[in-house]
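Counting along the sequence shown from 1, when you hit position 64 you're at 147 in this note's numbering, and nothing is skipped either side.
Glycine included, each C-beta is placed from N, C-alpha and C at the ideal position.
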Amino acid sequence: MTALSVVLIVVAVVGLVVVAMAVQSLIITLRSLRATVEELRVETHTAVAEMRAMVAEANGEIARVDSLLDTAEVVGARVEATSRLAWLVMRNPLVKLASASVASDRRLRGAIAADSVEVIEPRSLGDGSATGRRRRGRAARRAS
Numbered sequence: 084m085t086a087l088s089v090v091l092i093v094v095a096v097v098g099l100v101v102v103a104m105a106v107q108s109l110i111i112t113l114r115s116l117r118a119t120v121e122e123l124r125v126e127t128h129t130a131v132a133e134m135r136a137m138v139a140e141a142n143g144e145i146a147r148v149d150s151l152l153d154t155a156e157v158v159g160a161r162v163e164a165t166s167r168l169a170w171l172v173m174r175n176p177l178v179k180l181a182s183a184s185v186a187s188d189r190r191l192r193g194a195i196a197a198d199s200v201e202v203i204e205p206r207s208l209g210d211g212s213a214t215g216r217r218r219r220g221r222a223a224r225r226a227s
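As structure tokens, this is what we get:
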């Protein structure tokens with residue numbers, strides 16, 4: 084055996100030791116990675132289960148709100164129909180009442196304009212007694 088063969092054998096043994104250490108380090112890293120992946124899977128499974136529960140709850144709330152909106156639409160349609168019916172029923176009497184009110188207001192103004200209001204003013208006599216004197220028209224309105 085020559086010196087070169089001994090050197091090559093030593094280099095080969097050292098190379099095998101280095102490769103063995105590298106493989107052992109790789110095995111340790113893979114075990115650590117496997118444990119980390121398992122922890123991540125458990126946490127992800129828990130998070131996904133919670134998210135599914137939240138989505139189911141949100142779907143229930145959405146269905147509830149949808150039901151409320153449907154009910155509100157029905158109520159709105161009924162209120163609109165009722166108000167339309169009330170307007171149709173009350174329109175004629177309300178118009179008649181308004182026209183009667185306007186007509187009576189005009190009649191009252193016409194009566195005042197015709198000087199139909201009389202005011203009796205006391206007039207004193209020499210003996211301290213009073214007799215009444217009637218005034219008509221604008222002076223009577225101003226006095227009252």
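By the criterion of a C-beta distance shorter than 6 Å, Leu109 is surrounded by no residue of its chain, once the five residues flanking it on both sides are discounted. Straight-line spacing of the CA atoms in Asp153 and Val138 works out to 22 Å.
Secondary structure at Met134: helix, using DSSP grouped into helix, strand and coil. Collapsing the DSSP output to three states places Met84 in coil.
For the alpha helix (DSSP H) assignment, the stretch 98-165 encloses no uninterrupted run of at least 4 residues.
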